[in-house]
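Numbering (our numbering), first residue to last: 1 to 75.
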Amino acid sequence: MPNPAPIEDVPTGGEGIRLGQFLKFAGLLDSGGDVKEAVIGGRVTVNGEVDRRRGRQLVPGDVVGFDGRRLRVGR
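Right, here's the structure in full:
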């Protein structure tokens, strides 16, 4: 079984951020349309589980997975 990708920390400068915003902020996706397609298509995970809610409120410590990368929401 392959090792999971290392977790990259992405400081957001705040208490929380919505999933769709985080995907763009972290540079994983460029546009709202791309975010919508990826999230609704089940290609994004939060804390290891598929989440299809672009508006999900993330908090520091949550780990978002997409396209083989894992990023931790920071402060």
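Backbone N, C-alpha and C define an ideal beta-carbon position, used for all residues, glycine too.
Proximity to residue i [Cα-Cα], best of the options
i	options	result
G20	R70, P60, R52 and R75	R52
V50	D30, D67 and G74	D67
G55	N3, R72, K24 and D9	K24
Nearest-angstrom Cβ-Cβ length linking residue i and residue j, presumed shorter than 8 Å
i	j	result
D9	G74	5 Å
P77	R70	Nothing about residue 77 can be read from this structure; the chain reaches only from 1 to 75.
Per DSSP, cross-strand counterpart(s) of residue i
i	result
V46	E49 and V64
G74	P11
I17	L58
Spatial distance of residue i from residue j (CA atoms)
i	j	result
P6	G41	24 Å
V79	G14	Since the first residue shown for the chain is 1 and the last is 75, residue 79 is missing from the structure and cannot be characterised.
A26	G65	11 Å
G16	V46	14 Å
G32	V59	20 Å
G48	R72	12 Å
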